[in-house]
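Trainee: Heads up, the sequence shown is in the UniProt record's numbering, so the first residue is 1 and it goes up one at a time. Ideal Cβ positions, reconstructed from N, Cα and C, are used throughout, including at glycine. Just dropping this structure here.
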Amino acid sequence: MQSIEPAHDIAVPSDTAPVARRDREVVRTGTVAGWAWSVAIAVMLVFGGTNPSYPATRHFAELVACGVIAAALAGRASARFRIGTTDVLLIALIVLMVATMIPLPPGLWSLLPTHTGVAAMDEAVFGAAQWRAISLNSEHTLRASLFLLPAIAIYLAVRSGDAFRHEALSRGILIALAIAITMGLGQTLIGEGFYPFSRSDREFSIGFFTNHNHQATFLVMGALVWLARDRIAQPIKRTSGTAPLQLEHYILPVAIVALTALAVLLTASRAGLGLLVFALAAGAWVLVRARLAPGRTAILYAGGGFALLIVSVLALPFIDGGALSAITDRGAIGVDRRFEIWPQAVTVVGQTMPLGSGFGTFREVYEQYEPLSLVGMLYVNHAHNDYLELLIEGGIPAAALLIAFVVWFVRRTWPLFIKRLAPPSLSLFATAIVVAMLHSVVDYPLRTIAVAMLCSYAIAHFANRAAPDARQAGPVPH
């Protein structure tokens, strides 16, 4: 059984229909507004690929996000969608982050396990404990809160938008995806001039990121969420007079898949390679199972994607840099520090319960318990497991929010893959979310603005079109 799409995703009337002068102004303004949305999204994505070593680029993305949030909330559609589960979880996360920055009397915060050392220092320096927040460093928690602005912006833009805006947002993602692929290819073939940041993984293809793993995840997720909005992922009526998709309808999707596969492999990311294989397999299964076209065409499309992957792998040894050999050379477990960090991170989890050390404070609290045998020239900035880091920083409240989201996501995803109750586009959005969740087991992709935006974008579409409490409003102006 096929679910019915909400009315806000219904296609707009044909351009050939009679249009009054006022309507022409709306259409013209909508075109300008649409490109404004596209550019804003692309700018946030491109400037959101850096790490905290480049605060200026992050702050610019956050500044643009403020404008996007204002535009999303100012639109007439913002008051027309019903509050759903993901909206409640987002509000709860914001409240939690703010609550950890509220100053508390010494008698309260000094009782927390991670604050005993701070209380002792206050006694030594000031003669008495001072008012402090739950967070060990409120400034870092504030930065972590501002980091969420671009993800919140694209989430609200999708939740409050109509089909026109959704198309504009998808175009912005495609622009950023094309820039990431182009820069990655340039970094591999040409080199130095294509690396925008000095403090980055310059031996790999990284696009506009500073971490090659995050470039790989962004590419995989970007291709998935764009394909979910493309015509290839829309159901086709199978009447006797309905023609299947023509060849030209496959050209851009196949090109995106092929270029994405090649660009991911050039990052030499082991996680990226695994996520690419997973995404290709899941995407092909979704499209073939949905029978978007006659069986042979769908199978040909799926097989073509895998053939392109094989060709890309065979081509890598001949490309300067040898990305394939880089992946295999880095495959030894003995050279991966994650296996040294994780046991210590588990220890820190027990020390920071029940409320955590505060968002953005992992490095400070981890260094308090890091064995001297592991201390070296490089410091540990993240747990390289976002679930462990979330427990350390957010404690039981953050864990409760995560569990609530996972329960909601599983309940909404299960029918897609078991009972076929939704269009394949939702399955592709779900696959993108799973990609982020899988990579978070061994890294911290969602602590990069661009990747967090794509995940938020997929969640918003999922909430709009899969949840029973999604808004049921008709098309409105941008």
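1) If we require 4 or more residues per run, which alpha helix (DSSP H) segments fall completely within the region 52-88?
2) Is the beta carbon of residue 354 less than 8 Å from the beta carbon of residue 394?
3) When the Cα atoms are used, what is the spatial distance from residue 93 to residue 190?
4) Whole angstroms are fine: how far does the CA of residue 175 sit from the CA of residue 21?
5) Would you kindly work out how many angstroms separate the C-alpha atoms of residue 276 and residue 177, rounded to a whole number?
6) Check each candidate in 378, 125, 264, 229 and name the one with the smallest Cα separation from residue 167.
7) Would you call residue 218 buried or exposed, if buried means 16 or more other Cβ atoms sit within 10 Å of its Cβ?
8) Would you decide whether residue 37 is buried or exposed? Buried here means 16 or more other CB atoms lie within 10 Å of its CB.
9) Can you look up residue 276 in the DSSP assignment and give me helix, strand or coil?
10) Closer than 8 Å, CB to CB, is residue 222 near chain D or not?
11) Per DSSP, what are the beta-bridge partners of residue 202 in this structure?
12) Since I believe residue 383 is in contact with residue 409 (beta carbons under 8 Å), could you give me their beta-carbon distance rounded to a whole number of angstroms?
13) Leaving out five residues on either side along the sequence, give the residues of the same chain with a beta carbon under 6 Å from the beta carbon of residue 333.
14) Flag this pair as touching only if the region 277-286 and the region 420-438 have three or more C-beta atom pairs under 8 Å; answer yes or no.
15) Pairing CB atoms from the region 128-136 with CB atoms from the region 156-163, are three or more of them under 8 Å?
16) Please classify residue 464: does DSSP put it in a helix, a strand, or coil?
17) Exposed or buried, which one is residue 379 when buried takes at least 16 other CB atoms within 10 Å?
18) Going by C-alpha to C-alpha distance, which of 440, 197, 71 sits closest to residue 53?
19) Please go through the same chain and pick out, in chain order, the residues whose beta-carbon is closer than 6 Å to the beta-carbon of residue 154, but skip the five residues on each side of it.
20) One question on the structure: do residue 205 and residue 266 come within less than 8 Å of each other, judged by their Cβ atoms?
21) How about residue 445 and residue 214: are their beta carbons less than 8 Å apart?
22) Residues in the same chain with beta-carbon distance under 6 Å from residue 51, minus the five sequence neighbours each way, listed in chain order, please.
23) Give the secondary structure of residue 104 by DSSP, where H, G and I count as helix, E and B as strand, and everything else as coil.
24) Can you list, in chain order, the residues of its chain whose CB lies under 6 Å from that of residue 43, leaving out five sequence neighbours each side?
25) Is it buried or exposed, residue 411, if we count other Cβ atoms within 10 angstroms and call 16 or more buried?
26) Below 8 Å on the Cβ atoms is my guess for residue 150 versus residue 449; work out the distance and round it to an integer in Å.
27) Taking the alpha-carbon of residue 172 as reference, which of 216, 226, 463, 208 has the nearest alpha-carbon?
28) For residue 132, which of helix, strand or coil comes out of DSSP?
29) Once the 5 residues before and after residue 338 are set aside, which same chain residues still bring their CB inside 8 Å of it?
30) If the criterion is Cβ atoms closer than 8 Å, does the pair residue 357 and residue 392 meet it?
31) Residues in its own chain within less than 8 Å of residue 402 by CB, not counting five upstream and five downstream?
32) If you check the beta carbons only, do residue 208 and residue 179 fall under 8 Å apart?
33) Measuring only the C-alpha atoms, how far is residue 241 from residue 264?
34) Do you know how far the Cα of residue 407 is from the Cα of residue 415?
35) Keeping to the same chain, check which residues put their C-beta closer than 6 Å to that of residue 47; ignore five residues upstream and five downstream.
Mentor: This is what the structure gives:
1) Runs of the alpha helix (DSSP H) spanning 4 or more residues and lying entirely within the region 52-88 occur at 55-74, in chain order.
2) No, the pair does not count as a contact, with Cβ atoms beyond the cut-off.
3) Taking the straight line joining both Cα atoms gives about 43 Å.
4) Residue confidence is low: residue 21 scores 44 on pLDDT, short of 50, so the model does not pin down where it sits. Its coordinate-derived value is still stated next. The alpha-carbon atoms of residue 21 and residue 175 are separated by roughly 32 Å.
5) Near 15 Å, if we compare the C-alpha coordinates of residue 177 and residue 276.
6) The shortest C-alpha to C-alpha distance from residue 167 to any of 378, 125, 264, 229 is the one to 229.
7) Flag for residue 218 reads buried.
8) So residue 37 counts as buried.
9) Residue state, collapsed to three classes: helix.
10) No chain D appears in the structure shown, which is made up of a single protein chain.
11) Paired residues: none, contrary to the question.
12) The beta carbons of residue 409 and residue 383 sit about 22 Å from each other, so the pair does not count as a contact at 8 Å.
13) Low confidence applies to residue 333: its pLDDT is 47, below 50, so where it sits in the model is not reliable, and the reading given next is rough at best. Result list for residue 333: empty, nothing under 6 Å.
14) Taking 8 Å as the limit for Cβ pairs, the verdict is that the region 420-438 does touch the region 277-286.
15) The region 128-136 is not in contact with the region 156-163.
16) It is helical.
17) Exposure of residue 379 is indicated by the presence of fewer than 16 other C-beta atoms within 10 angstroms of its C-beta.
18) The shortest Cα separation from residue 53 among 440, 197, 71 belongs to 197.
19) So the list reads 453, 456, 457, once near-sequence residues are dropped.
20) In contact: residue 205 and residue 266 (Cβ atoms closer than 8 Å).
21) Yes.
22) So the list reads 210, once near-sequence residues are dropped.
23) In the structure shown, residue 104 sits in a strand (DSSP, three-state: E or B).
24) The answer, listed in chain order, is 64.
25) Residue 411 should be labelled exposed.
26) Contact flag correct, Cβ pair sits at about 5 Å.
27) Nearest C-alpha to residue 172 among 216, 226, 463, 208: 226.
28) Note: residue 132 maps to strand in three-state DSSP.
29) Correct list, in chain order: 384, 385, 442.
30) The Cβ atoms of residue 357 and residue 392 lie closer than 8 Å to each other.
31) Within the same chain, residue 402 has close Cβ partners 387, 390.
32) Yes, these two residues count as a Cβ contact at 8 Å.
33) Bear in mind that a pLDDT of 47 at residue 241, under 50, signals an unreliable position, so the model cannot answer this.
34) Near 14 Å, if we compare the C-alpha coordinates of residue 407 and residue 415.
35) The beta carbon of residue 47 lies closer than 6 Å to those of 57, 60, 61 in the same chain, with the five residues before and after it left out.
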